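A.B. asks:
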Amino acid sequence: MALLKDRQVVTDTWTHVADDAEVPSDAPAIVSIARWRDLRDALGGRNAPIGVRLAAGDGPDAVLDDLDRLDLIAIPFDYFKDGRGYSTVRLLRERYGFTGELRAVGNVLRDQIAFMERCGFDSLEYAGGTEASRALSAFDDVSVVYQTAADRRASAASLRNHPSKAFSNGTSG
Amino acid sequence: MYLYDEIDQALVDERVVQFRDQVSRRMSGELSEDEFKPLRLMNGVYLQLHAYMLRVAIPYGTLSSEQMRKLAWIARKYDRGYGHFTTRQNLQYNWPKLEDLPDILAELASVQMHALQTSGNCIRNVTADQYAGVAADEVADPRVYAEIIRQWSTLHPEFSFLPRKFKIAVTGSQNDRAAVKVHDIGLIVKRNPAGELGFEVIVGGGLGRTPFVGPTIREFLPERHLLSYLEAVLRVYNMLGRRDNMYKARIKIQVHETGAAEFTRLVEAEWDQIRDSAVDLPAGEKERIASYFVPPRYEISADAADVLARHKREDAGFARWVDTNVFAHKAEGYAIANISLKPIGGVPGDATAEQMEAVAALADRFSFSEIRITHEQNLVLPHVRKDNLYALWQTLKSYDLDTPNLGRVSDMIACPGMDYCSLANARSIPVAQAISKRFADLDRQHDIGELKLKISGCINACGHHHAGHIGILGVDRKGEEYYQITLGGSGAEDASIGEIVGPALAYDAVVDAVETLVDKYLAIRTEGERFLDTYRRVGKDPFKEALYGAA
Amino acid sequence: MTQQVISANRLSDGLVVYLASDDSWSEWIARSEIATDEAAADALLARAKWGEENRIVVDPYLVHVAEYDGEVRPTKYREFIRATGPSVRPDLSKQNYVRAAKG
Chain A
1 MALLKDRQVV TDTWTHVADD AEVPSDAPAI VSIARWRDLR DALGGRNAPI GVRLAAGDGP
61 DAVLDDLDRL DLIAIPFDYF KDGRGYSTVR LLRERYGFTG ELRAVGNVLR DQIAFMERCG
121 FDSLEYAGGT EASRALSAFD DVSVVYQTAA DRRASAASLR NHPSKAFSNG TSG
Chain B
174 MYLYDEIDQA LVDERVVQFR DQVSRRMSGE LSEDEFKPLR LMNGVYLQLH AYMLRVAIPY
234 GTLSSEQMRK LAWIARKYDR GYGHFTTRQN LQYNWPKLED LPDILAELAS VQMHALQTSG
294 NCIRNVTADQ YAGVAADEVA DPRVYAEIIR QWSTLHPEFS FLPRKFKIAV TGSQNDRAAV
354 KVHDIGLIVK RNPAGELGFE VIVGGGLGRT PFVGPTIREF LPERHLLSYL EAVLRVYNML
414 GRRDNMYKAR IKIQVHETGA AEFTRLVEAE WDQIRDSAVD LPAGEKERIA SYFVPPRYEI
474 SADAADVLAR HKREDAGFAR WVDTNVFAHK AEGYAIANIS LKPIGGVPGD ATAEQMEAVA
534 ALADRFSFSE IRITHEQNLV LPHVRKDNLY ALWQTLKSYD LDTPNLGRVS DMIACPGMDY
594 CSLANARSIP VAQAISKRFA DLDRQHDIGE LKLKISGCIN ACGHHHAGHI GILGVDRKGE
654 EYYQITLGGS GAEDASIGEI VGPALAYDAV VDAVETLVDK YLAIRTEGER FLDTYRRVGK
714 DPFKEALYGA A
Chain C
725 MTQQVISANR LSDGLVVYLA SDDSWSEWIA RSEIATDEAA ADALLARAKW GEENRIVVDP
785 YLVHVAEYDG EVRPTKYREF IRATGPSVRP DLSKQNYVRA AKG
């Protein structure tokens with residue numbers, strides 16, 4: 001696994017803690033949502049950053065009450081066909097304004113990472129076969145976007161209709 | 174028609190580069206087949222019974238003559254000299270090589286075409302009324318909205334891994350030629366009492382294993398909120414649609430199981446949150462796109478109609494073709510010409526490279542270089558001046574494109590079936606060919622009148638058999654090809670799902686069965702009744718008895 | 725007696741091929757190696773997997789065949805269509821195309 005953040009390979013300061021392992025009190029730790037529910041009062045008061053890993057298909061309601069207590073929310077993509085996480089992360093970032101780190105975890109592959117960035121993920125636990133630094137090129141595969149999304153990239157419509165734009169109606173490029 | 178600007182062109186060019194790299198990583202082993210498969214599906218590349226199959230997108234069925242010539246050229250250079258037009262207004266090539274596909278996609282990109290999202294669990298080609306922009310019964314050109322939806326849905330970062338495929342269709346007329354009520358989302362363009370443009374929104378229609386006519390979830394959606402509303406529907410589907418069983422994963426199942434009222438409530442609640450956000454298109458962008466769909470400079474010719482009438486008097490074969498295949502146009506002196514790809518005994522929807530080039534040349538001469546594909550697998554020249562119809566028809570004759578059978582029993586929809594498709598249980602094309610030959614007599618077809626016969630080789634219903642006046646579904650019974658007949662389906666504004674009439678029949682019995690059904694209709698119909706009307710009046714029993722004997 | 729052969733699609737061009745006794749992949753079912761019992765069929769499948777891992781073919785699987793007039797033919801009609809070409813296009817039959825390609 002290589003952690004990608006801001007389109008670079010970075011060192012991970014977080015640890016995923018298994019349900020039956022002790023949660024370190026002085027290092028950033030990610031626990032499962034089930035564990036968080038059991039221990040939230042105990043964990044919520046700690047000094048070191050705490051993160052929660054949602055279960056597949058969890059929507060934002062799983063953590064809405066805890067957004068100001070969490071420093072990181074991890075959304076799983078264990079099966080590439082399961083696209084629910086792309087909606088969940090957008091809502092957490094755009095609608096509910098989560099200011100902590102949003103991380104994609106699980107079997108994150110090269111050809112998903114551009115979509116994930118657009119949907120609002122701050123970091124990606126990359127697990128694909130291509131070597132991580134080479135996988136970064138995926139972010140640049142397509143330079144234009146049609147839609148607005150969480151990443152605030154200028155959509156095609158906004159570029160075309162910007163007052164200063166030279167594109168005119170009715171003619172091609 | 175829409176022309177790409179630098180942004181549209183950049184996207185398709187970059188996707189070609191991306192796909193070329195993906196193919197190379199597959200060939201080198203860096204990507205396994207499991208990893209490569211979803212990537213190639215997003216570029217419309219299937220692996221089928223005999224070879225790869227490439228499904229080229231023809232957005233809302235509109236094509237320029239230059240694009241048609243390129244499709245012909247690709248058929249010749251990279252395939253086996255022909256292509257197949259589909260029930261979603263796309264084109265399929267049946268024999269491309271994987272190693273050639275990046276080059277094929279590059280050729281397509283050079284004429285503003287692509288194969289993006291014609292497969293996979295994403296939003297597919299948006300289809301529309303084939304008479305868009307030229308039919309007299311139209312409220313507004315649906316292709317403007319189809320193009321808006323095409324762009325919004327292309328590489329949508331949130332909706333590229335849906336529970337299943339997603340199909341959207343748009344009609345601008347109350348006479349629904351786009352089958353919107355049997356799509357995941359159907360849109361009917363209309364005006365409210367204040368005269369403002371908007372849409373009736375239908376969600377959860379579909380054919381296949383569990384066919385449904387979709388319920389209307391919103392009677393009137395203001396035009397400017399099109400994208401935010403679609404985004405709300407897709408988000409509710411993406412988050413809550415079933416993913417446990419691929420046969421229960423379409424939105425129609427979600428709407429049915431949730432209930433239309435509750436499903437609507439979920440969508441409206443989501444939409445409330447985003448309806449005034451940046452999702453919706455700025456007005457300037459809608460105007461920009463709409464400016465590509467203005468009518469061409471029609472040339473008024475005072476005697477065009479008279480010339481046509483004279484040609485019809487002088488040539489009975491031409492008159493017959495006009496009566497079946499030519500449709501009224503909104504502009505004075507003009508007509509809509511339907512080109513049948515269902516010659517008697519032919520493969521429905523197939524066209525050779527020569528035929529494609531002939532149609533392209535005819536479009537240049539007679540139709541402002543524009544061609545349409547219909548979801549019933551035929552072609553249309555949408556802007557033909559009436560006094561040019563005769564010259565058009567004469568050229569069509571020399572390419573076997575003049576069959577005067579639009580909407581007749583031989584104008585069948587047939588999926589590729591077991592001759593080409595690895596999903597099929599039985600062949601569909603030879604059944605279509607045999608039925609066509611049995612009814613070859615044009616006078617007889619004319620007497621029978623409108624009869625929409627649709628054949629699918631498996632329950633996935635790509636041949637739309639549920640929506641056929643007569644539907645035929647191929648099934649596998651102990652290794653033999655058997656066919657189940659349904660009656661009374663319709664994909665038009667009076668949408669209905671056909672009813673099974675009795676036990677499946679063996680391959681050798683199907684053509685006789687169809688003839689028996691037609692003969693029964695002829696025996697009991699009243700003045701002016703089509704087959705579908707008679708069926709709806711008398712029900713299944715007289716037809717069932719005719720086929721299987723008294724109970 | 726169950727006779728089986730291995731069929732797959734060639735990765736590079738997607739065409740239907742059969743595993744021959746020298747581990748090559750042939751477009752002709754006549755050249756396929758026939759397994760006459762389950763153990764031999766398993767062995768064939770294992771050799772076919774090598775072809776998949778080495779990016780020669782995709783999705784190899786076993787096909788039941790029988791001999792008709794000295795000719796090897798699949799017992800299922802779908803597999804027969806796969807071996808010979810679309811039934812509605814005799815001009816595209818495998819024989820015509822493979823012979824033409826070989827010049």
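Residue numbers (my numbering), protein chains in the order written: chain A, 1 to 173; chain B, 174 to 724; chain C, 725 to 827. The C-beta atom is built at its ideal place from N, Cα and C for all residues, glycine as well. Since we're looking at a predicted model, the values are computed, not measured.
Are the CB atoms of residue 408 (chain B) and residue 87 (chain A) nearer to each other than 8 Å?
C.D. replies: Walking along the second sequence from the start, residue 408 (chain B) turns up at place 235. Walking along the first sequence from the start, residue 87 (chain A) turns up at place 87. Yes. Within cutoff.
A.B. asks: Just the C-alpha distance for residue 201 (chain B) and residue 321 (chain B), rounded to the nearest angstrom, thanks.
C.D. replies: Working through the second sequence from its first residue, we reach residue 201 (chain B) at position 28. Working through the second sequence from its first residue, we reach residue 321 (chain B) at position 148. Each residue's alpha carbon lies about 38 Å from the other.
A.B. asks: Output yes if chain B places a C-beta closer than 8 Å to the C-beta of residue 806 (chain C); else output no.
C.D. replies: In the third sequence, counting from the first residue as 1, residue 806 (chain C) sits at position 82. With respect to chain B, the C-beta atom of residue 806 (chain C) has a partner C-beta closer than 8 Å.
A.B. asks: Spell out the partners DSSP gives residue 16 (chain A) in its beta bridges.
C.D. replies: On the first sequence, residue 16 (chain A) is found 16 positions in, with the first residue counted as 1. Paired residues: A:30.
A.B. asks: May I ask which residues mark the beginning and end of the beta strand (DSSP E) holding residue 697 (chain B)?
C.D. replies: The residue labelled residue 697 (chain B) in the question sits at position 524 within the second sequence. Going by DSSP, residue 697 (chain B) is part of no beta strand (DSSP E) but of the alpha helix (DSSP H) stretching over 683-697.
A.B. asks: Since residue 235 (chain B) meets chain D, which of its residues come closer than 7 Å, beta carbon to beta carbon?
C.D. replies: This model lacks chain D altogether, as its protein chains are A, B and C.
A.B. asks: Where residue 444 (chain B) and residue 122 (chain A) are concerned, what is the direct C-alpha to C-alpha distance, given to the nearest angstrom?
C.D. replies: Here residue 444 (chain B) is taken as the residue at index 271 of the second sequence, counted from 1. Here residue 122 (chain A) is taken as the residue at index 122 of the first sequence, counted from 1. Looking at the two C-alpha atoms, the distance is approximately 26 Å.
A.B. asks: CA-CA distance, residue 143 (chain A) and residue 110 (chain A)?
C.D. replies: If you number the first sequence from 1, residue 143 (chain A) lands on position 143. If you number the first sequence from 1, residue 110 (chain A) lands on position 110. Residue 143 (chain A) and residue 110 (chain A): Cα-Cα distance of roughly 16 Å.
A.B. asks: Cutting at 7 Å between CB atoms, please list the residues of its own chain near residue 804 (chain C), excluding the five before and the five after it.
C.D. replies: Looking up residue 804 (chain C) in the third sequence gives position 80. Counting only Cβ-Cβ distances below 7 Å, and skipping sequence neighbours, we find 797, 798.
A.B. asks: By the 10 Å Cβ neighbour count, where 16 or more other Cβ atoms means buried, how is residue 707 (chain B) classified, buried or exposed?
C.D. replies: By one-based count along the second sequence, residue 707 (chain B) stands at place 534. By the 10 Å Cβ count, residue 707 (chain B) comes out buried.
A.B. asks: Helix, strand or coil: which one does DSSP assign to residue 344 (chain B)?
C.D. replies: Residue 344 (chain B) sits at position 171 when you count from the first residue of the second sequence. Residue state, collapsed to three classes: strand.
A.B. asks: Applying the criterion that 16 or more other CB atoms from any shown protein chain within 10 Å of the CB defines a buried residue, is residue 571 (chain B) buried or exposed?
C.D. replies: As a working mapping, residue 571 (chain B) is identified with position 398 in the second sequence. By the 10 Å Cβ count, residue 571 (chain B) comes out exposed.
A.B. asks: May I have the straight-line CA-CA distance separating residue 669 (chain B) from residue 386 (chain B), to the nearest angstrom?
C.D. replies: Stepping through the second sequence from its first residue, residue 669 (chain B) is reached at position 496. Stepping through the second sequence from its first residue, residue 386 (chain B) is reached at position 213. Roughly 7 Å between the two C-alpha positions.
A.B. asks: Just checking: is the beta-carbon of residue 329 (chain B) within a distance shorter than 8 Å of some beta-carbon in chain A?
C.D. replies: Residue 329 (chain B) sits at position 156 when you count from the first residue of the second sequence. Yes, residue 329 (chain B) counts as interfacial toward chain A.
A.B. asks: Which residue marks the beginning of the beta strand (DSSP E) containing residue 784 (chain C), and which one marks its end?
C.D. replies: One-based indexing of the third sequence puts residue 784 (chain C) at position 60. Run containing residue 784 (chain C): 781-792, per the beta strand (DSSP E) assignment.
A.B. asks: Taking 8 Å as the CB-CB cut-off, is residue 773 (chain C) touching chain B?
C.D. replies: What you label residue 773 (chain C) is simply residue 49 of the third sequence in a count that begins at 1. So no, residue 773 (chain C) is outside the interface.
A.B. asks: Is there a Cβ of chain B sitting closer than 8 Å to that of residue 144 (chain A), yes or no?
C.D. replies: Here the question's residue 144 (chain A) lines up with position 144 in the first sequence. It does: the Cβ of residue 144 (chain A) has a partner Cβ on chain B nearer than 8 Å.
A.B. asks: Using beta carbons (cut-off 8 Å, strictly below), is residue 810 (chain C) in contact with chain B?
C.D. replies: As a position in the third sequence, residue 810 (chain C) is number 86, starting the count at 1. With respect to chain B, the C-beta atom of residue 810 (chain C) has a partner C-beta closer than 8 Å.
A.B. asks: What residues of chain B sit near residue 738 (chain C), judged by a beta carbon separation below 7 Å?
C.D. replies: Position 14 of the third sequence, counting from 1, holds the residue named residue 738 (chain C). 220, 224, 225, 270, 271, listed in chain order.
A.B. asks: Below 7 Å between beta carbons is the criterion; list the residues of the stretch 201-219 of chain B that meet it against any residue of chain C, in chain order.
C.D. replies: 202, 206
A.B. asks: Where does residue 749 (chain C) sit, in a helix, a strand or coil, going by DSSP?
C.D. replies: Along the third sequence, read from residue 1 onward, the residue named residue 749 (chain C) stands at position 25. Residue 749 (chain C) falls in the strand class under three-state DSSP.
A.B. asks: Show which residues of chain C have a CB atom less than 8 Å away from the CB atom of residue 593 (chain B).
C.D. replies: Here residue 593 (chain B) refers to the residue found at position 420 of the second sequence. Per Cβ cutoff of 8 Å: 810.
A.B. asks: Is residue 120 (chain A) buried or exposed, if buried means 16 or more other CB atoms sit within 10 Å of its CB?
C.D. replies: Taking the first sequence and counting its residues from 1, the one referred to as residue 120 (chain A) is at position 120. Under a 10 Å Cβ-count criterion, residue 120 (chain A) is classified as buried, with 16 or more other Cβ atoms of the shown protein chains found around its own Cβ.
A.B. asks: Are the stretch 529-539 of chain B and the stretch 553-566 of chain B in contact at 8 Å, needing three or more beta carbon pairs?
C.D. replies: yes
A.B. asks: For residue 782 (chain C), return the contacting residues in chain B, with the cut-off set at a CB-CB distance below 7 Å.
C.D. replies: Taking the third sequence and counting its residues from 1, one reaches residue 782 (chain C) at position 58. Near residue 782 (chain C) (Cβ distances below 7 Å), the residues of chain B are 206, 220.
A.B. asks: Tell me the DSSP secondary structure of residue 102 (chain A) in three-state form.
C.D. replies: Within the first sequence, the letter at position 102 stands for residue 102 (chain A). DSSP places residue 102 (chain A) in strand when its eight states are reduced to three.
A.B. asks: Where do the ends of the alpha helix (DSSP H) carrying residue 404 (chain B) lie?
C.D. replies: Position 231 of the second sequence, counted from the first residue, corresponds to residue 404 (chain B). 399-413 is the extent of the alpha helix (DSSP H) around residue 404 (chain B).
A.B. asks: Measuring only between beta-carbons, confirm whether residue 827 (chain C) sits less than 8 Å from chain B.
C.D. replies: Within the third sequence, residue 827 (chain C) is the residue found at index 103, counting from 1. Because the pLDDT of residue 827 (chain C) is 48, which lies under 50, any placement of that residue in the model is unreliable, and the question is left without a value.
A.B. asks: Can you give me the start and stop residues for the beta strand (DSSP E) that residue 8 (chain A) sits inside?
C.D. replies: Taking the first sequence and counting its residues from 1, one reaches residue 8 (chain A) at position 8. Where residue 8 (chain A) is concerned, the enclosing beta strand (DSSP E) stretches over 8-10.
A.B. asks: Spell out whether any CB of chain C is found under 8 Å from the CB atom of residue 684 (chain B).
C.D. replies: For the purposes of this step, residue 684 (chain B) is taken as residue 511 along the second sequence, with counting starting at 1. Chain C, which has no Cβ nearer than 8 Å to the Cβ of residue 684 (chain B), makes this no.
A.B. asks: Can you tell me whether residue 465 (chain B) is helix, strand or coil according to DSSP?
C.D. replies: Here residue 465 (chain B) is taken as the residue at index 292 of the second sequence, counted from 1. Reduced to three states, the DSSP call for residue 465 (chain B) is helix.
A.B. asks: Thinking just about the alpha-carbon of each residue, which of B:338, B:683, B:590 is nearest to the one in residue 293 (chain B)?
C.D. replies: For the purposes of this step, residue 293 (chain B) is taken as residue 120 along the second sequence, with counting starting at 1. It is B:338.
A.B. asks: Is there at least one Cβ from chain B nearer than 8 Å to residue 816 (chain C)'s Cβ?
C.D. replies: Counting from one through the third sequence, the residue named residue 816 (chain C) turns up at place 92. The beta carbon of residue 816 (chain C) sits closer than 8 Å to some beta carbon of chain B.
A.B. asks: Using a beta-carbon distance cut-off of less than 7 Å, what residues from the stretch 309-335 of chain B approach chain A?
C.D. replies: The stretch 309-335 of chain B vs chain A, Cβ under 7 Å: 324, 325, 327, 328, 329, 330, 331, 333, 334, 335.
A.B. asks: Note down, in chain order, all residues in the stretch 412-440 of chain B with a beta-carbon under 9 Å from any beta-carbon belonging to chain C.
C.D. replies: none
A.B. asks: Per DSSP, what kind of secondary structure is residue 2 (chain A) in: helix, strand or coil?
C.D. replies: Taking the first sequence and counting its residues from 1, one reaches residue 2 (chain A) at position 2. Strand at residue 2 (chain A).
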